[in-house]
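What follows is a single structure, written as structure tokens, with notes after it.
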Amino acid sequence: MKNYRTKIISNQEISPGYFRMKILAPGFGENAHAGQFIMFRVQRSLPPLLRRPFGIFRTGFLPADCDGLPPKEFVEIVYKVVGSGTSIMAELHEGDKVELLGPLGNGFDCTSRKGEKILVGGGIGLVPLYMLAGELVANGCKVRLLMGGRTRDDILAVTEFERLGVETYISTDDGSLGEAGLVTQVLERKLQKYPETEVFTCGPMPMLAAVHDICVKYKTPLQVSLEESMACGVGACLGCVVKGAGHTEEKPSYLCSCKVGPVFKSQYLDWSALGKNDNDCGGCA
Amino acid sequence: MSELKQEIVRRPDMSVEIAGIKLRNPVMPASGTFGYGEEYTPFVDMEKIGAIVTKGLSLKPKAGNPTPRIAETVSGMLNAIGLQNVGIDAFIQHKMPFLRTVNTPVIANFFGNTLEEYGEVAKRLNDIPEIAAGELNISCPNVKQGGIVFGTDPKAASEVVALVRKNLQKPLIVKLTPNVTDITVVARAVEEAGADAIACINTITGMSVDVNTRKPRIANMTGGLSGPAIRPVAVRMVHQVVQTVSVPVIGIGGIVKAMDALEFLIVGAKAVQVGTANFVDPTAMISIIEGIEEFLVEEGIDDIHDLIGSLRL
């Protein structure tokens with residue numbers, strides 16, 4: 007974990023309102039795991055005041071600018087413009103100075119090498135699933151990705167997942183791409199067909215709650231990546247806590263989603279509280 | 101030639117003394133923004149800052165408030181964390197081992213739900229030799245019991261400070277709330293009751309509404325406003341308190357850069373605390389310390405005490 011005072015390599019709109027940003031970050035990749043996140047300072051001046059959390063889409067290297075220099079290591083994020091911070095980000099260009107803190111948090115546990123894996127991504131929620139898919143495929147797992155969105159504009163990076171060797175299934179609310187309907191309906195069908203599987207998900211909270219319910223019904227293990235507002239990202243402010251399973255007024259259990267999470271095994275969370283939470287934070291971890 | 105010149109420039113003396121504790125410089129974190137110190141070790145050399153101030157400690161662990169707990173506002177943030185903390189026992193067992201290894205004064209911020217609890221926590225702090233001082237929180241706006249209830253009433257403030265003063269065998273800093281009509285009244289009361297130093301200000305009570313859902317943006321409805329938005333209010337109140345009491349004052353409120361810290365020192369704060377800025381930039385305190393030093397060199401000031409309270413009227 008490190009604070010990088012660095013600059014943007016590229017920032018491109020890939021679908022209406024969705025951007026991909028590569029940020030120069032030497033040495034970042036060797037410590038980064040699928041499901042971890044960064045705290046991104048949109049610009050070095052204020053406002054906005056607080057950093058924004060973003061899931062890591064991937065890390066990698068670009069060729070050096072000229073011979074003799076080392077290749078340029080980058081971290082890539084994908085974000086949706088939803089508020090003041092992301093609106094400023096959308097205007098940034100190559101060479102603009104930014105700061106990022108990371109890699110942060112606990113990512114997905116992909117140590118289980120056996121069997122079939124289903125990833126469920128809703129909109130921008132597919133971001134942390136890309137590195138996960140890569141790791142699972144490398145582990146020899148059969149990976150299926152179910153992507154859901156409101157319209158075709160919300161379905162991102164399909165070909166890149168397919169290039170990893172992932173089988174993709176698309177559903178949109180309006181039927182403009184893939185099958186019409188909810189991604190959770192697809193999940194239920196897949197679980198009936200492939201009962202011995204493990205599910206990983208990230209996306210809007212109502213979708214996560216529905217995925218949780220389905221996995222409980224089919225007794226399928228589930229790991230879920232949460233999106234909570236954060237101030238510090240390192241476990242100091244205690245602003246991003248979520249209720250743990252068994253939370254009561256008398257014996258409260260609050261878990262820092264930045265430090266314990268952002269990925270949780272779903273049985274450790276209190277879903278009665280989470281299901282009511284409806285933040286849509288546009289790519290936050 | 102230029103190298104020679106640099107050697108001749110003496111580094112200014114940045115050290116200050118607060119309530120008998122010697123600090124290598126006047127910059128420390130504000131309670132609740134720096135965890136128990138260890139969280140920031142990847143970014144901050146603990147032996148470069150003036151002191152470490154812990155998250156507020158209570159007798160029993162405290163779970164804190166429902167979520168959402170934070171919301172960003174214009175140049176500020178609202179929070180209602182609710183003093184979530186591990187409790188004094190777990191603090192001693194799990195957090196002190198790290199703090200013991202650091203050669204920097206550790207100030208334990210603490211609070212109670214009742215008068216008795218305040219007294220009990222103070223006693224427990226006596227058992228920890230590595231704690232340099234206690235910072236008494238009578239100013240948290242986000243909990244029903246304790247905190248601000250004591251801090252807004254001069255009589256109650258005086259009572260709790262007197263009790264803690266009796267129980268605590270260490271220097272006592274009292275942290276005040278700005279949520280009063282006249283902060284000098286409370287400042288005078290806590291000084292008379294035995295405070296060795298005063299820290300101010302804690303957050304200003306605020307509220308923000310999401311117009312789409314028409315719900316408060318934090319679950320507690322109201323929260324404490326911090327960040328650059330409150331700095332002018334803080335500078336004004338610190339100035340007032342400095343003019344009122346003779347004990348040292350620690351200035352807090354929206355410090356992000358060295359220039360911000362200098363404002364507080366010039367109006368008479370002997371030290372400053374950096375809060376929300378730690379979230380914005382985990383290395384903020386280090387930049388602030390370097391910036392203050394640079395300013396002193398530029399102004400030809402050898403000793404920071406020549407800057408403190410140097411407001412020109």
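If you read the sequences in order, they're chains A and B. Position 260 of the first sequence, counted from 1, bears residue number 266 in our numbering, the numbering being contiguous throughout. Position 30 of the second sequence, counted from 1, bears residue number 130 in our numbering, the numbering being contiguous throughout. Virtual Cβ for every residue (Gly too), placed ideally from N, Cα, C. Only a predicted model underlies this, so the values are computations on that prediction, with no experimental measurement involved.
ALA40/A has its alpha-carbon roughly 18 Å from the corresponding atom of VAL240/A. Under the Cβ distance rule, PRO197/B does not count among the residues neighbouring chain A, no pair being separated by less than 7 Å.
Beta-carbon to beta-carbon, ALA222/B and ASN267/B are separated by about 4 Å, close enough to satisfy the 8 Å threshold. With a beta-carbon spacing of about 5 Å, GLU79/A and PRO32/A fall inside the 8 Å limit used to define contacts. By the beta-carbon neighbour count (other beta carbons within 10 angstroms, threshold 16), MET337/B is buried. Inclusion of LEU261/A and GLY250/A in the CB contact set at 7 Å is warranted, their separation being smaller than that value. Close CB contacts of ARG158/A within its chain, under the 7 Å cut and outside five residues either way in sequence, are with THR178, SER182 and LEU183 (chain order). Three or more beta-carbon pairs separated by less than 8 Å are not found between the segment 44-51 of chain A and the segment 114-121 of chain A, which leaves the two stretches without contact. Counting C-beta pairs closer than 8 Å gives fewer than three between the segment 112-123 of chain B and the segment 264-277 of chain A, which falls short of the contact rule.
Of all residues in the segment 220-250 of chain A, the ones placed with a Cβ closer than 9 Å to any Cβ belonging to chain B are GLU234, SER235, MET236, ALA237, CYS238, GLY239, VAL240, GLY241, ALA242, CYS243, LEU244, GLY245, CYS246, VAL247, VAL248 and LYS249, in chain order. Within the segment 169-203 of chain B, ARG169, ILE170, ALA171, GLU172, VAL174, SER175, GLY176, MET177, ASN179, ILE181 and GLN184 place their CB atoms closer than 8 Å to a CB of chain A, listed in sequence order. Looking at CYS238/A, ILE220/A, LEU228/A and LYS196/A, the one whose alpha-carbon comes closest to that of GLU204/A is LEU228/A. Look at the beta carbons and you see the segment 7-14 of chain A touching the segment 89-102 of chain A: at least three pairs across the two are nearer than 8 Å. When the five nearest sequence neighbours on each side are left out, the beta carbons in the same chain lying within less than 7 Å of the beta carbon of ALA361/B are those of VAL127, ILE355, VAL372, ILE388 and ILE392, in order along the chain. For chain A, the residues of the segment 136-152 of chain B that bring a beta carbon within less than 8 Å of one of its beta carbons are GLU139, TYR140, PRO142 and PHE143, in chain order. Put simply, the CB of ALA163/B is near chain A, with a gap under 7 Å to one of its CB atoms. Under the three-state reduction of DSSP, ALA163/A is assigned to coil, being neither helix nor strand. Excluding sequence positions up to five before and after LYS28/A, its CB lies within less than 6 Å of the CB of ILE15, SER16, PHE80 and GLU82, all in the same chain and listed in chain order. Following the DSSP letters along the chain, one finds CYS221/A in no beta strand (DSSP E) but inside the alpha helix (DSSP H) bounded by residues 211-223. Boundaries of the alpha helix (DSSP H) harbouring ASN267/B: 254-267, taken from the DSSP string.
Against chain A, the beta carbon of PHE134/B has neighbours under 7 Å at ALA242, listed in chain order. ILE273/B places its beta carbon 7 Å or farther from that of ILE304/B. Within 9 Å of the CB of LYS8/A, the CB atoms of chain B belong to PRO142 and PHE143, in sequence order along the chain. For PRO382/B, a Cβ of chain A is located within less than 7 Å of the residue's own Cβ. As DSSP reads the structure, ASP310/B sits in a beta bridge with LYS315/B. Three or more beta-carbon pairs drawn from the segment 60-80 of chain A and the segment 126-135 of chain A are found closer than 8 Å, and the two stretches are therefore classed as touching. Listed along chain A, the residues sitting closer than 8 Å to PRO328/B by beta-carbon distance are LEU52 and LEU55. For the segment 326-392 of chain B, the full-length beta strand (DSSP E) segments reaching 3 residues or more read 349-352 and 371-374 along the chain. What PRO258/A touches in chain B, judged by beta-carbon distance under 7 Å, is ALA163, going in chain order.
For a Cβ distance threshold of 7 Å, residue set PRO382 of chain B lies close to LEU107/A, ordered along the chain.
When 8 Å is used as the limit between beta carbons, PHE211/B is near no residue of chain A, the shortest such separation being about 15 Å. Cβ proximity to chain A below 8 Å picks out THR376, ASN378, PHE379, VAL380, ASP381, PRO382 and THR383 from the segment 361-392 of chain B. Collapsing the DSSP output to three states places ASN226/B in a helix. For the set ASP219/A, ASP160/A and SER272/A, the Cα lying nearest the Cα of GLU194/A is the one of ASP219/A.
Straight through space, the alpha carbons of PRO328/B and SER239/B are spaced by roughly 19 Å.
Judged by DSSP secondary structure, PHE198/B falls within the alpha helix (DSSP H) whose first and last residues are 196-200.
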